[in-house]
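Student:
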Amino acid sequence: MQKTKLKQRCGWCLGDDLYEEYHDNEWGKPVYDDDILFEFLILETMQAGLSWITILKKRENYRNALDGFDSIKIANYDADKVAALLLDPGIIRHRLKIQSIINNAQCFLKLQEEYGSFSKFLWKYVHSKPIVNHVKDYKNVPATTALSDQLAKDLKKRGFKFVGSTTIYAFMQAVGMVNDHEISCYRYDEV
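By numbering that gives the first Met the number 0, the letter at position 23 of the sequence shown is numbered 22, and the numbering carries on one by one without gaps.
Quick look at the structure:
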């Protein structure tokens with residue numbers, strides 16, 4: 000009888016089915032689609048000060064509350080919509096974060112117009128291909144890098160909110176601009 004070999008995963012996701020599914024199917028996979036990039040940007044900015052699992056568990060609630068992460072609709076939200084979001088128990092009800100979602104949607108649309116896509120703007124920071132790191136232990140991955148510092152600074156100059164370097168580095172990891180899978184992880188070579 001042959002034993003089934005278990006997939007070796009990054010240590011940060013072990014023990015939680017939702018985390019493992021996210022790790023296996025999304026985290027670190029290069030994303031070039033503006034709609035998906037926008038969704039990740041919003042979710043990462045909502046994480047500020049919280050754990051990623053908290054946001055991941057609320058992801059579908061955000062999808063429902065924010066019109067499927069439709070940047071055009073979100074950019075046009077008014078005070079009534081903000082008030083409704085502040086009453087929604089399925090999301091983080093933080094006024095500044097909710098207002099930042101609207102602000103960031105407006106900034107996102109401006110960048111799309113200027114560059115043709117948000118993806119083109121982002122991926123130029125890594126010369127259109129992921130940076131592949133050689134992580135042995137996820138605990139040694141930095142929270143920020145010079146590149147995330149620069150991208151965060153540039154986004155802030157363009158009016159984005161809640162886009163500090165730590166948030167932006169997590170975003171870069173999530174959308175595959177940086178491959179920080181542990182080298183022992185089965186996804187390391189796949190992404």
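Ideal Cβ placement from N, Cα and C applies to all residues, glycine included.
Pairs of beta-carbons, one from the segment 180-188 and one from the segment 56-64, closer than 8 Å: are there three or more?
Tutor: no
Student: Hey, quick one: how far does the alpha helix (DSSP H) through R58 stretch, first residue to last?
Tutor: Counting from one through the sequence shown, the residue named residue 58 turns up at place 59. 58-64 is the extent of the alpha helix (DSSP H) around R58.
Student: Using beta carbons (cut-off 9 Å, strictly below), is Y76 in contact with chain B?
Tutor: The chain inventory of the structure shown lacks chain B, comprising one protein chain alone.
Student: Quick check: R157 and D23, are their CB atoms within less than 9 Å of each other?
Tutor: By 1-based counting over the sequence shown, the position of residue 157 is 158. By 1-based counting over the sequence shown, the position of residue 23 is 24. Result no, Cβ atoms of R157 and D23 do not sit closer than 9 Å.
Student: How many whole angstroms separate the CB atoms of V131 and V140, which I take to be in contact at a CB cut-off of 8 Å?
Tutor: In the sequence shown, counting from the first residue as 1, residue 131 sits at position 132. In the sequence shown, counting from the first residue as 1, residue 140 sits at position 141. Their Cβ separation, rounded to whole angstroms, is 13 Å, which puts V131 and V140 out of contact at 8 Å.
Student: Helix, strand or coil: how does DSSP classify I130 here?
Tutor: Your numbering for residue 130 matches position 131 in the sequence shown. Here I130 sits in strand by DSSP.
Student: Start and end of the alpha helix (DSSP H) containing V81?
Tutor: Within the sequence shown, the letter at position 82 stands for residue 81. V81: member of the alpha helix (DSSP H) spanning 78-85, first to last residue.
Student: Residue range of the alpha helix (DSSP H) that R186 falls in?
Tutor: Here residue 186 corresponds to residue number 187 of the sequence shown, with the count starting at 1. Where R186 is concerned, the enclosing alpha helix (DSSP H) stretches over 186-189.
Student: What three-state label does DSSP hand V192 in the structure shown?
Tutor: Outside the modelled stretch of the chain, which goes from 0 to 190, sits residue 192, for which no answer is possible.
Student: When the Cα atoms are used, what is the spatial distance from L86 to R92?
Tutor: On the sequence shown, position 87 is the one that residue 86 refers to. On the sequence shown, position 93 is the one that residue 92 refers to. If I take the Cα positions, the gap works out to 7 Å.
Student: Pull up the distance between the alpha-carbon of G163 and that of K155, whole angstroms please.
Tutor: For this step, residue 163 is matched to residue 164 along the sequence shown. For this step, residue 155 is matched to residue 156 along the sequence shown. G163 and K155: Cα-Cα distance of roughly 8 Å.
Student: Identify whether N178 lies in helix, strand or coil by the three-state DSSP scheme.
Tutor: Taking the first residue of the sequence shown as 1, we reach residue 178 at position 179. Strand.
Student: Count the other CB atoms within 10 Å of the CB of L95; is the residue buried (16 or more) or exposed (fewer)?
Tutor: As a position in the sequence shown, residue 95 is number 96, starting the count at 1. Classification for L95: exposed.
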